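Inspection log for the structure reproduced underneath, given as structure tokens.
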Amino acid sequence: AYARYWGSSFALAAGALAVSAAVPAPWTWGLWAVGMGWVLTAPLRRTGRALALDAPPDEEHISERYGLLTLIVIGESFVKVVTGLDPEGGALGPVVQASLALLITCSIWWIYFDDVAGSRLREQALAPVFWLYGHLPLQLCDARLQPLIVASRRDVVSSNRLAANAVPSSCPITAAIINTAAYMFRSL
-16 AYARYWGSSF ALAAGALAVS AAVPAPWTWG LWAVGMGWVL TAPLRRTGRA LALDAPPDEE
44 HISERYGLLT LIVIGESFVK VVTGLDPEGG ALGPVVQASL ALLITCSIWW IYFDDVAGSR
104 LREQALAPVF WLYGHLPLQL CDARLQPLIV ASRRDVVSSN RLAANAVPSS CPITAAIINT
164 AAYMFRSL
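Position one of the sequence shown corresponds to residue -16 (this note's numbering), numbered consecutively onward.
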């Protein structure tokens, strides 16, 4: 029953995504939303909850896997910042900015692995679901924050008015989402 439920959930989502390749643009986004919504709500539906009670997930294993994913995303942020430096540029500004970006990366790493990765979930009905899905904004925003910081110092951004206005305003919003996700994990 477990494999049949999850197999049919992913098959339905894959079918929606496959059909989206053959339809015009406005319908594509709708089919993507249906496919992703179906998969994301699968654990919340009655059958998904019943199966989770019959065969509860191994919290230690899931925590380890999400910790590894977070480590990879943070490591990628580190690589983006370091490769964004110009090896022949002797200016101090980009080095200071890259140092601050690396400080933010290390802070996110510290917050996650000190507070979130090893924490135990409280015995609440939907705490594991919120813990799992709370990682989505955390991973997306962490992957986005460092390139935003690196892009804010590039000449390309300064020549594009829209990008020049979007980058500085996106950084605090992204950082706020990361902090909110970390706080949410602590309260679970």
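Every residue gets a Cβ at the ideal spot worked out from N, C-alpha and C, and that includes glycine. Note that this is a predicted model, so its numbers are computed, not measured.
Span of the alpha helix (DSSP H), counted from its first residue to its last, around residue i
i, result
"Arg29", "Arg29 to Asp37"
"Val99", "Note, Val99: premise wrong, no alpha helix (DSSP H); not H, not E."
"Val6", "That residue, Val6, is in no alpha helix (DSSP H); it is neither H nor E in DSSP."
Spatial distance of residue i from residue j (CA atoms)
i, j, result
"Ala110", "Gln122", "18 angstroms"
"Ala(-14)", "Trp21", "16 angstroms"
"Leu83", "Val64", "10 angstroms"
"Ala(-6)", "Trp93", "38 angstroms"
"Ala159", "Pro120", "11 angstroms"
"Val62", "Ile91", "15 angstroms"
"Leu85", "His118", "21 angstroms"
As assigned by DSSP and simplified to three states, the class of residue i
i, result
"Leu86", "helix"
"Gly67", "coil"
"Arg(-13)", "helix"
"Leu54", "helix"
"Cys106", "The sequence as given places Glu at residue 106; Cys does not occur at that position. Three-state DSSP puts Glu106 in coil, outside helix and strand."
"Asp41", "coil"
Exposed unless 16 or more other CB atoms sit within 10 angstroms - verdict on residue i
i, result
"Val78", "exposed"
"Thr66", "exposed"
"Pro40", "exposed"
"Cys124", "buried"
"Ser60", "buried"
"Thr53", "buried"
"Ala(-3)", "exposed"
"Trp10", "exposed"
"His44", "exposed"
"Tyr116", "exposed"
"Val99", "buried"
"Leu36", "exposed"
Rounded distance between the beta-carbons of residue j and residue i, thought under 8 angstroms
i, j, result
"Gly13", "Leu0", "With 8 angstroms as the limit, Gly13 and Leu0 do not qualify as a contact, their Cβ atoms being about 12 angstroms apart."
"Thr174", "Tyr(-12)", "As shown, the chain starts at -16 and ends at 171. That puts residue 174 outside it, with no answer to give."
"Ile57", "Thr88", "6 angstroms"
"Leu27", "Val112", "6 angstroms"
Short CB-CB distance (under 9 angstroms) between residue i and chain D
i, result
"Ser46", "The displayed structure is made up of one protein chain only, and chain D is not part of it."
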